[in-house]
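A.B. asks: Next up is a structure, given as structure tokens.
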Amino acid sequence: MTPDQLIFDYIYQLSLNSGYTTYDHLPLENENAPYPFVLVGSVQTLPVVTKNTVQGQIVANVDVWGDGESRFEVSQMMNDIFIQCMQPVRLGDTFVRLRIDQYENQIIQDTSVPNTVLNHGMMTLVFNLS
Numbered sequence: 018m019t020p021d022q023l024i025f026d027y028i029y030q031l032s033l034n035s036g037y038t039t040y041d042h043l044p045l046e047n048e049n050a051p052y053p054f055v056l057v058g059s060v061q062t063l064p065v066v067t068k069n070t071v072q073g074q075i076v077a078n079v080d081v082w083g084d085g086e087s088r089f090e091v092s093q094m095m096n097d098i099f100i101q102c103m104q105p106v107r108l109g110d111t112f113v114r115l116r117i118d119q120y121e122n123q124i125i126q127d128t129s130v131p132n133t134v135l136n137h138g139m140m141t142l143v144f145n146l147s
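In this note's numbering, the protein residues as written are 18 to 147.
Encoded structure:
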């Protein structure tokens with residue numbers, strides 16, 4: 018399995034194990050997704066080739082969506098995922114470590130659905146491969 022897929026699966030499973038409703042896509046209207054939920058989104062590989070190995074970074078984007086009344090829950094879920102990702106882990110043949118200094122997050126209010134206010138938490142998690 019590729020390092021980016023390993024990271025994706027790791028975050029997805031971590032979220033599920035935390036008891037969060039988790040998706041790999043923005044839920045469709047007919048899925049009736051309960052708020053709040055986690056969306057494990059895009060994953061990007063930034064390889065660095067050395068003389069003997071391929072190292073680099075994996076950038077994962079994770080979103081937490083909540084209704085207008087769940088901003089506190091969204092913030093807690095984001096922090097929980099971040100804290101859990103801080104633990105170094107071996108995924109297959111790859112050892113990964115979160116780059117805490119490159120972590121980014123923000124919560125915005127989203128009004129793209131008519132007559133609805135949503136809290137949209139966005140995290141960028143950068144992992145070093147070694």
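We treat Cβ as the ideally placed atom computed from N, Cα and C, and that holds for glycine.
As the structure is a computational prediction, the values presented were derived from the model and not from experiment.
According to DSSP, simplified to helix, strand and coil, what is Leu-45?
C.D. replies: The sequence position of residue 45 within the sequence shown is 28, counting from 1. Leu-45: coil per DSSP, three-state reduction.
A.B. asks: Classify Gln-101 as helix, strand or coil using the three-state DSSP reduction.
C.D. replies: In the sequence shown, counting from the first residue as 1, residue 101 sits at position 84. Helix.
A.B. asks: Give the DSSP-derived three-state secondary structure of Ser-32 in the structure shown.
C.D. replies: Working through the sequence shown from its first residue, we reach residue 32 at position 15. In this structure, Ser-32 counts as helix in the three-state DSSP scheme.
A.B. asks: On the three-state DSSP scale, how would you describe Ser-92?
C.D. replies: The residue given as residue 92 occupies position 75 in the sequence shown. Here Ser-92 sits in helix by DSSP.
A.B. asks: Quick one: using the 10 Å Cβ neighbour count with 16 as the cut-off for buried, is Ser-32 buried or exposed?
C.D. replies: Position 15 of the sequence shown holds residue 32. So Ser-32 ends up on the buried side.
A.B. asks: Spatial neighbours of Gln-61 within its chain, please: C-beta separation below 6 Å, excluding the five flanking residues on both sides.
C.D. replies: Locating residue 61 in the sequence shown gives position 44, counting from the first residue. Taking Gln-61 as the centre and dropping the five residues before and after it, the same chain places the C-beta of Val-76 closer than 6 Å to its C-beta, in chain order.
A.B. asks: Our contact map puts Leu-135 next to Gly-85 with C-beta atoms below 8 Å; I'd like the distance itself, whole angstroms only.
C.D. replies: Here residue 135 refers to the residue found at position 118 of the sequence shown. Here residue 85 refers to the residue found at position 68 of the sequence shown. With a beta-carbon spacing of about 7 Å, Leu-135 and Gly-85 fall inside the 8 Å limit used to define contacts.
A.B. asks: Can you tell me where the beta strand (DSSP E) holding Pro-64 begins and where it ends?
C.D. replies: Mapped onto the sequence shown, residue 64 falls at position 47. Segment 54-66, the beta strand (DSSP E) holding Pro-64.
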